[in-house]
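Take a look at the structure set out below.
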Amino acid sequence: MCGIFGVVGHKDAARLTYLGLYALQHRGEESAGIVAYNRRRIYSHKGMGLVSDVFNEKVIKSLHGDLAVGHVRYSTTGSSLSKNIQPFLVKHKKSHIAIAHNGNLTNTIKLHTALEGKGSIFQTSMDSEIIVHLLAKAEDISYQNKVIKALSQLEGSYSFVLLLNDTLVGARDPYGFRPLCIGKIDGAYVLTSETCALDLIGADYVREVEPGEVVFIGTNGLESIKTFSQDQHSLCIFEYIYFARPDSNIFGKNVYLTRKQLGRQLARECPADCDLVMPIPDSGNYAAVGFAEESKIPYEVGMIRNHYIGRTFIQPSQFIRDFRVKVKLNPIKDVLRDKRIAIIEDSIVRGTTSRVRVKTLREAGAKEVHMRISCPPLRFPCFYGIDFPTKKELIASSHSIEWIRDFIGVDTLKYLSKDGMLDSMPLPKCEFCTACFDGQYSVKPCRKASKSILERS
Ligand code: SF4
Numbered sequence: 044m045c046g047i048f049g050v051v052g053h054k055d056a057a058r059l060t061y062l063g064l065y066a067l068q069h070r071g072e073e074s075a076g077i078v079a080y081n082r083r084r085i086y087s088h089k090g091m092g093l094v095s096d097v098f099n100e101k102v103i104k105s106l107h108g109d110l111a112v113g114h115v116r117y118s119t120t121g122s123s124l125s126k127n128i129q130p131f132l133v134k135h136k137k138s139h140i141a142i143a144h145n146g147n148l149t150n151t152i153k154l155h156t157a158l159e160g161k162g163s164i165f166q167t168s169m170d171s172e173i174i175v176h177l178l179a180k181a182e183d184i185s186y187q188n189k190v191i192k193a194l195s196q197l198e199g200s201y202s203f204v205l206l207l208n209d210t211l212v213g214a215r216d217p218y219g220f221r222p223l224c225i226g227k228i229d230g231a232y233v234l235t236s237e238t239c240a241l242d243l244i245g246a247d248y249v250r251e252v253e254p255g256e257v258v259f260i261g262t263n264g265l266e267s268i269k270t271f272s273q274d275q276h277s278l279c280i281f282e283y284i285y286f287a288r289p290d291s292n293i294f295g296k297n298v299y300l301t302r303k304q305l306g307r308q309l310a311r312e313c314p315a316d317c318d319l320v321m322p323i324p325d326s327g328n329y330a331a332v333g334f335a336e337e338s339k340i341p342y343e344v345g346m347i348r349n350h351y352i353g354r355t356f357i358q359p360s361q362f363i364r365d366f367r368v369k370v371k372l373n374p375i376k377d378v379l380r381d382k383r384i385a386i387i388e389d390s391i392v393r394g395t396t397s398r399v400r401v402k403t404l405r406e407a408g409a410k411e412v413h414m415r416i417s418c419p420p421l422r423f424p425c426f427y428g429i430d431f432p433t434k435k436e437l438i439a440s441s442h443s444i445e446w447i448r449d450f451i452g453v454d455t456l457k458y459l460s461k462d463g464m465l466d467s468m469p470l471p472k473c474e475f476c477t478a479c480f481d482g483q484y485s486v487k488p489c490r491k492a493s494k495s496i497l498e499r500s
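Basically this note's numbering = 1-based index in the sequence shown + 43.
Laid out in structure tokens, this is it:
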């Protein structure tokens with residue numbers, strides 16, 4: 044997780060970046076930062092918390108320049124600490140370098156050890172800093188070649204935006220795990236994780252940054268280099284299922300329509316004999332619409348979400364997660380009483396959240412609760428930038444569906460099949476990573492990987 048944004052050639056670069064980060068807030072709520080450059084001086088502001096907590100009008104006005112990069116963070120390598128807030132900014136020789144990274148490198152320990160052995164002194168515990176050290180060490184006159192040399196040493200997943208003096212650089216790993224797209228506003232180029240950020244600032248969508256492509260955007264316009272092409276792609280299918288905003292287009296296709304299609308397929312594969320279909324708000328909303336349409340069972344909103352509370356999965360500690368589950372959703376008793384309910388959820392990670400929600404539905408008077416999940420059981424951890432827990436914490440990695448049904452307390456529990464999930468996607472099956480469902484990792488994972496990997500080494 045993490046949201047990245049960059050703009051070059053616009054007099055309001057920092058303000059557009061602020062708005063872009065606002066739109067990308069769902070991708071990381073721990074910290075936010077913007078680095079801006081006016082071709083003479085570099086300006087930076089970063090802080091822990093939400094975009095609205097970190098920035099205000101005075102701060103935005105102090106970030107001068109027509110080039111800016113920004114980041115919202117959900118930590119996957121490096122704990123949630125102020126030293127790990129991105130963009131990560133350094134001055135090396137006469138170059139200003141600021142990076143905002145989404146993804147996880149899988150050869151972090153190897154690169155980190157090698158760089159330290161050659162004298163690199165790390166300031167953070169993020170894998171993203173490795174990219175900056177590789178750039179600084181790349182011996183080449185051309186800054187483009189420096190970037191290519193640095194990228195050639197990376198393994199794993201990365202989409203990043205990089206401020207490199209007066210050039211904005213965007214790159215996606217050869218497998219294309221994480222999204223990154225290009226937009227344009229008032230003649231200025233924009234790079235962002237999701238198109239919802241383009242919509243908010245009034246920019247036009249241009250295209251995706253392709254897997255393995257590096258774009259350099261400077262005074263000569265946009266230059267593309269595709270050195271790292273790869274036959275097999277591994278687009279993160281979970282972006283469609285859960286992470287991305289439904290109003291975004293990811294990998295060139297709309298998220299809302301895809302979630303609805305997952306719900307339709309779920310209704311075909313796993314019908315439920317019930318009086319009403321309802322989602323677990325908000326993540327199950329769109330699959331529930333598809334499920335209700337396909338099954339011709341009335342759709343009801345049986346629980347109301349308190350919008351003043353952030354998403355539970357994205358909160359880092361178990362204590363905060365438990366508390367938020369309880370205060371976040373309130374059932375509408377008059378809708379649920381004596382009803383047989385099909386409740387639609389996008390995924391089950393630990394199962395503890397679902398259990399609390401089902402208990403709430405029972406207490407509100409539901410007669411039967413049938414849970415339907417719009418993806419297959421999550422059985423394997425993600426090593427590519429999504430903070431899924433270890434295998435031990437993923438309930439489906441060690442328990443049968445019947446055991447999970449009993450634990451959650453529903454009358455029936457059914458998951459969408461892997462084929463059904465892939466058939467619902469708007470792109471060919473072979474384009475996707477499905478490792479958290481089937482354990483087929485396209486890039487060899489680092490089994491020792493954890494958020495604190497560089498804090499222990
Ligand atoms: S393992 Fe799952 S969450 Fe991670 S990149 Fe692959 S599909 Fe996405």
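Idealized CB from N, CA, C, for every residue including glycine.
The shortest CA-to-CA distance from R215 to any of V252, D229, G245 is the one to V252. Every unbroken stretch of the alpha helix (DSSP H) spanning 4 or more residues and falling wholly within the segment 50-119 is given here in chain order: 56-66, 94-97, 100-105. Pairing G463 with Y248, the inter-Cα distance amounts to about 30 Å. For I284, same chain residues with a beta-carbon under 6 Å away, outside a window of 5 residues either side, are D389, C418 in chain order.
For ligand 1, the residues with a Cβ under 6 Å from any of its heavy atoms are, in chain order, F220, C279, I280, F281, C425, Y427, I429, C476, T477, A478, C479.
In this structure E72 is not in contact with M91, their Cβ atoms being roughly 10 Å apart against a cut-off of 8 Å.
When rounded, the separation of the alpha-carbon atoms in F294 and T403 is 37 Å.
Minimum Cα-Cα distance from I375 among the listed residues A409, R398, G230 corresponds to A409. Our two residues, P289 and T238, have alpha carbons roughly 10 Å apart in a direct line. Judged by DSSP secondary structure, K153 falls within the alpha helix (DSSP H) whose first and last residues are 151-160. Taking the Cβ atoms as the reference, C45 lies roughly 7 Å from H144, within the contact range of under 8 Å. The C-alpha of L206 is placed about 15 Å away from the C-alpha of S185. Distance from the CA of V175 to the CA of Y86, rounded to the nearest whole angstrom, comes to 18 Å. Pairing R380 with A407, the inter-Cα distance amounts to about 6 Å. In the structure shown, T433 falls within a coil segment according to DSSP collapsed to helix, strand and coil.
With a contact defined as Cβ atoms closer than 8 Å, G255 and Q273 qualify at about 6 Å.
Taking C-alpha positions only, D209 is separated from V115 by approximately 22 Å.
Proximity to Q483 across A57, C425, Y458 peaks at C425, based on C-alpha coordinates. Distances from the alpha-carbon of I444 to those of F431, Y458, T433, E436 put Y458 closest.
Where V320 is concerned, the enclosing beta strand (DSSP E) starts and stops at 319-322. Per DSSP, F294 lies in no alpha helix (DSSP H) and is assigned neither H nor E.
In this structure, I438 keeps its C-beta atom at 9 Å or more from the C-beta atom of C479. Out of R221, V50, C476, the CA that lies nearest to the CA of K227 is found in V50.
A143 is bridged by DSSP to V204. For V233, the uninterrupted beta strand (DSSP E) segment begins and ends at 231-235. In the three-state reduction of the DSSP assignment, T210 falls in the strand class, which pools E and B. Out of D318, V332, I152, the CA that lies nearest to the CA of Y299 is found in V332.
In the displayed model, A385 falls within a strand according to three-state DSSP. The Cβ atoms of D316 and A231 lie no closer than 9 Å to each other. In the structure shown, the three-state DSSP call for G463 is helix. In this model, E312 and V204 are separated by some 41 Å (Cα to Cα). Annotation for N373: the continuous beta strand (DSSP E) segment containing it runs 372-374.
Distances from the alpha-carbon of V190 to those of V212, G160, Y201 put V212 closest.
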